[in-house]
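Undergrad: Got a structure for you, written out below as structure tokens; questions coming shortly.
Number of protein chains: 2
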Amino acid sequence: MAADTHLDGMHSRRIDAGSIALNIREAGSGPLMLFFHGITANSVVFTPLMARLADRFTTIAVDQRGHGHSDKPESGYDADSYARDIADLIRALDRGPAILVGHSLGSRNAVTAAAHHPDLVRSVVAIDFTPYIETEALDALEARVNAGAQVFDRPEDVKAYLTARYPNLPAAAIKIRAESGFHAVDAGLVPLASPTAMAQTVTGLRSDLTGAYREVTRPVLIVRGADSKLVSADALAKTSRLRADLPVVVVPDADHYVNEMAPDTTFKAITNFIDA
Amino acid sequence: MAADTHLDGMHSRRIDAGSIALNIREAGSGPLMLFFHGITANSVVFTPLMARLADRFTTIAVDQRGHGHSDKPESGYDADSYARDIADLIRALDRGPAILVGHSLGSRNAVTAAAHHPDLVRSVVAIDFTPYIETEALDALEARVNAGAQVFDRPEDVKAYLTARYPNLPAAAIKIRAESGFHAVDAGLVPLASPTAMAQTVTGLRSDLTGAYREVTRPVLIVRGADSKLVSADALAKTSRLRADLPVVVVPDADHYVNEMAPDTTFKAITNFIDA
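If you want it as structure tokens, here you go:
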């Protein structure tokens, strides 16, 4: 098994996806598998998962709009805009249809893209974001996201902040987020993710997702962390009633941050789905 | 969608699988997909599902040993014997690795075959049989199975018996079982399935299945009927704790007889799994 924290020779580049330039990280060869991170994160969080998959797939993790080193337009942070970027990226890569692996915001975006562009998408692994998420859970998420718009004096302060925000993440995952998600400005260290983009994005996460789940014709594996505070057992059950034909994996010993907390189980769940 | 009850041009033949001759029904073309029925049933119960899949797969439903028109040796009705038949059949067909779709006894046999012969099996759809089935549920199954060793005067009596035994099955599914599962002897109509083979088989269903689930490396989709009286929600939850990486589909409005009660959802669940 490859190392958890680094993928030797990972290639990072910006790609022109039509109306936006997106930063991507690429490793491996084989069928195209794209990774879309959660809100405020970036492509680097998928490094441990990509390390496990790159021997069989062309793994490409994407900094989504407003995040990481991608373009950060003033507006356009709704589901359709994010999903359009995914479609434009697959077209720009010219290697589709792609397997989409999305976490949280990225899960919402991947399922939406698959519903709108079935010709570009082979299948979706939708990690810990479903329809029917309770308002209280979205309120809590919004508060956490908007509280991230801070200036930090030192790298240690970033780590302390992230450790408090993600109390169950392993130290290696905190390290990845700390080292990849912030940059130095005159005042100190600030998040790479644009605060105004994050505020719009978190509002957009409240949009009704039942339509996309109802419509999607490509295979979707629904993955939930057993201890997720975002996707409740009830929200998952309602989603399964909406689409009883979609397979479900519930990952034990993981909260919302399934792939960072349990990369081995996530890896096996993905390959069990893709290899069937 | 093809008709539910008949698959035009379905070809039935006996095939020499080494130590046993098995009767199979075949339709369609494409990757090899084999179907294994539950205890006392036979290959014909899969006709509605095969009708939906035959345009994309070589669908072959098997009369397992002791059942239908296959050989009925005096002994050898444990999991390993049934699984060996599956491996021998795939070798005899010389078109593997095969996708295995099994219901109940057939599910147990398919997962066991996949665990023992990963080179012959692409993946498994394991319908409504898991480890951890409660003793009381197996006792009730055993009583039902052994009560089937009857002589019926008329076809109407067979239908009445089946309707009482499978109270939630649609009339079309009862008709399939009534017309395919019995034959005339001097005394009247008797089941094609050998009563002594059934008694041994139902005892064998009590064997520990955790080893096969722990060991199996090929992808397995676990399917449960939401109203199943054989696989409880608790048995499913324990199975998911044993193998958290295996995807699960729970089919609403279906008891143990998932594919006969809900062929459309079963079909979609299978293709979502296989097409990912």
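Heads up: the sequence lines are chains B and Y, in that order.
Residue numbering for the first sequence follows my numbering, beginning at 1 and increasing consecutively.
Residue numbering for the second sequence follows my numbering, beginning at 1001 and increasing consecutively.
We treat Cβ as the ideally placed atom computed from N, Cα and C, and that holds for glycine.
If you count every other CB in all the chains shown that lies within 10 Å of the CB of Ser1019 of chain Y, and 16 or more means buried, which is it?
TA: By the 10 Å Cβ count, Ser1019 of chain Y comes out exposed.
Undergrad: Output, in sequence order along the chain, the residues in the region 1227-1249 of chain Y whose CB is closer than 8 Å to any CB in chain B.
TA: Flagged, chain order: Ser1240, Arg1241, Ala1244, Asp1245, Leu1246, Pro1247, Val1248 and Val1249.
Undergrad: Could you check whether the Cβ of Arg1013 of chain Y sits closer than 8 Å to any Cβ belonging to chain B?
TA: No, Arg1013 of chain Y lies away from the interface with chain B (no Cβ there is under 8 Å from its Cβ).
Undergrad: What does Gly1188 of chain Y pair with, by DSSP beta-bridge criteria?
TA: In the DSSP output, where bridge partners are listed per residue, Gly1188 of chain Y has Y:Val1185.
Undergrad: Given a cut-off of 8 Å on the beta-carbon distance, is the pair Pro131 of chain B and Thr239 of chain B in contact?
TA: Yes, the Cβ-Cβ distance between Pro131 of chain B and Thr239 of chain B is below 8 Å.
Undergrad: Quick check on DSSP: helix, strand or coil for Ile1020 of chain Y?
TA: Coil, per DSSP.
Undergrad: Taking its Cβ as the centre, do 16 or more other Cβ atoms sit within 10 Å of Ser1180 of chain Y, making it buried, or is it exposed?
TA: Ser1180 of chain Y should be labelled buried.
Undergrad: Look up Ser240 of chain B in the DSSP assignment and say whether it is helix, strand or coil.
TA: Helix at Ser240 of chain B.
Undergrad: Which complete beta strand (DSSP E) runs does the region 201-234 of chain B hold, if anything under 3 residues is left out?
TA: Fully enclosed beta strand (DSSP E) runs of 3 or longer: 220-225.
Undergrad: If we count the other Cβ atoms within 10 Å of its Cβ and call it buried at 16 or more, is Asp1085 of chain Y buried or exposed?
TA: So Asp1085 of chain Y counts as buried.
Undergrad: Assign Val44 of chain B to one of three DSSP states: helix, strand, or coil.
TA: In this structure, Val44 of chain B counts as helix in the three-state DSSP scheme.
Undergrad: Give the DSSP bridge partners of Thr1130 of chain Y, in chain order.
TA: Answer is none; Thr1130 of chain Y lacks a bridge partner.
Undergrad: Look at the alpha carbon of Arg1243 of chain Y and the alpha carbon of Thr271 of chain B, and state the distance between them as a whole number of angstroms.
TA: In a straight line, the C-alpha of Arg1243 of chain Y is about 14 Å away from that of Thr271 of chain B.
Undergrad: Looking at the C-beta of Pro167 of chain B, does it have a partner C-beta in chain Y at a distance below 8 Å?
TA: No, its Cβ sits nowhere closer than 8 Å to a Cβ of chain Y.
Undergrad: If you scan the region 48-107 of chain B from start to end, which runs of the beta strand (DSSP E) of 3 or more residues do you find wholly inside it?
TA: Counting only runs of 3 or more, we get 58-62 and 98-103.
Undergrad: Just to confirm my understanding: we take Pro263 of chain B, look at its own chain, exclude 5 residues before and 5 after, and list those with CB closer than 6 Å. What are they?
TA: Taken in chain order, the residues that qualify are Pro48 and Leu49.
Undergrad: At the 8 Å Cβ level, is Thr265 of chain B part of the contact set with chain Y, yes or no?
TA: Yes, because at least one Cβ of chain Y sits closer than 8 Å to the Cβ of Thr265 of chain B.
Undergrad: When the cut-off is 8 Å and only beta carbons count, does Ile1127 of chain Y lie next to chain B?
TA: Cβ-Cβ to chain B under 8 Å: no for Ile1127 of chain Y.
Undergrad: Using 8 Å for Cβ pairs, my map puts Asp1128 of chain Y next to Val1216 of chain Y. What's the rounded Cβ distance?
TA: No, Asp1128 of chain Y and Val1216 of chain Y are not in contact; Cβ-Cβ is about 17 Å, not under 8 Å.
Undergrad: For the structure I just gave you, are there three or more beta carbon pairs, one from the region 90-99 of chain B and one from the region 30-39 of chain B, closer than 8 Å?
TA: Yes, the region 90-99 of chain B touches the region 30-39 of chain B.
Undergrad: So, is the C-beta of Ile1274 of chain Y closer than 8 Å to a C-beta in chain B?
TA: So, interface residue.
Undergrad: Any beta carbon of chain B sitting closer than 8 Å to that of Pro1252 of chain Y?
TA: Chain B contact via Cβ: present.
Undergrad: Cα separation between Leu1236 of chain Y and Leu1246 of chain Y?
TA: Their Cα atoms are separated by approximately 11 Å.
Undergrad: Going by Cα to Cα distance, which pick from Y:His1256, Y:Val1202, Y:Thr1196 and Y:Arg1218 is closest to Ala1114 of chain Y?
TA: Closest by alpha carbon: Y:Arg1218.
Undergrad: The alpha helix (DSSP H) spanning Leu1138 of chain Y covers which residue range?
TA: Per DSSP, Leu1138 of chain Y belongs to the alpha helix (DSSP H) from Thr1135 to Asn1146.
Undergrad: Could you give the residue range of the beta strand (DSSP E) that holds Met33 of chain B?
TA: Residues Leu32 to Phe36.
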